[in-house]
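Worksheet for the structure shown next.
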């Protein structure tokens with residue numbers, strides 16, 4: 018006995034008419050298409066920013082040449098470019114760049130390490146937090162650059178005082194980032210891990226380290242800016258080398274072109290460090306998600 022199977026469209030009971038079946042094809046973007054879209058968006062944003070900066074520089078140059086602004090006090094982009102080219106051509110800028118970079122990077126590294134250690138210890142041990150938190154709050158409440166003269170008296174006009182000021186600025190920032198990350202950890206998650214036999218080592222690896230890493234990475238670019246601020250301000254107060262020292266010299270000579278050139282140089286270097294920290298942040302976040 019053979020069985021025949023017939024397929025008929027379903028019938029609407031109320032209307033008595035067959036219901037039409039429609040198939041929708043949803044296009045799912047591939048990974049390569051998503052990357053191309055992100056790249057095009059970034060290129061577009063970069064092009065608009067470059068155009069805006071170019072228009073600003075052109076307006077500045079035109080205003081300086083037309084006498085709308087005083088070239089002596091406001092200078093001009095062409096004069097700033099000539100000063101920058103001269104500084105690199107005769108090589109006088111390199112020892113000052115080395116001094117500022119050394120102070121800022123050493124202060125950044127030492128400040129991150131100290132902030133992570135102190136913030137972790139304070140977050141895990143309440144008696145330590147009761148001692149450290151008031152001191153850190155006080156240091157955070159006052160402009161920490163006011164300690165520059167005192168550090169120079171203690172450590173001299175060499176690189177040590179600049180490293181110390183950069184260290185102070187960064188360490189307080191990182192301390193509160195780490196301390197806050199540990200304090201904001203869900204207490205129920207900690208209790209659950211302890212219930213299943215997890216000790217301090219498991220908590221550090223599975224809970225605290227990811228929380229600390231996220232907070233430190235989130236404040237890394239700010240820490241870079243603080244480190245450069247500490248180094249340059251320390252050089253500005255008293256130094257024999259460094260970009261801050263050159264800024265102080267340019268100010269004493271009323272050399273606006275040199276001031277703008279040095280400011281441009283510092284901004285470019287900070288942006289380059291921002292780009293490097295962005296790469297570090299992306300790689301660290303990929304490591305966390307594995």
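Residue numbers (this note's numbering): 18 to 307.
The C-beta atom is built at its ideal place from N, Cα and C for all residues, glycine as well.
The three-state secondary structure of residue 200, taken from DSSP, is helix. Residue 263: member of the alpha helix (DSSP H) spanning 260 to 269, first to last residue. The DSSP assignment places complete alpha helix (DSSP H) segments of no fewer than 4 residues inside the segment 209 to 251 at 217 to 220 and 226 to 235, in order along the chain. The beta carbon of residue 192 sits closer than 7 Å to the beta carbons of 132, 135, 136 and 153 from its chain, once the five residues preceding and following it are set aside; these are given in chain order. When the Cα atoms are used, residue 109 and residue 122 turn out to be separated by approximately 21 Å. With fewer than 16 other beta carbons inside 10 angstroms of its own, residue 70 counts as exposed. Here residue 271 is exposed. Its C-beta has fewer than 16 other C-beta atoms within 10 Å. For residue 223, the CB contacts under 8 Å within the same chain, skipping 5 residues up- and downstream, are 210 and 215 in chain order. The beta carbon of residue 188 sits closer than 7 Å to those of 128, 131 and 132, all from its chain and outside the five residues before and after it, given in chain order.
Within the same chain, and ignoring the five residues on either side of residue 250 in sequence, the residues whose Cβ sits closer than 6 Å to its Cβ are 162 and 165. Taking every protein chain shown into account, the CB of residue 67 has fewer than 16 other CB atoms within 10 angstroms, so this residue is exposed. DSSP places residue 134 in the uninterrupted alpha helix (DSSP H) bounded by 110 to 141.
In this structure, residue 197 keeps its C-beta atom at 9 Å or more from the C-beta atom of residue 143. For residue 170, the uninterrupted alpha helix (DSSP H) run begins and ends at 165 to 172, by DSSP. Pairwise C-beta distances place the segment 256 to 269 out of contact with the segment 92 to 99, as fewer than three of them are shorter than 8 Å.
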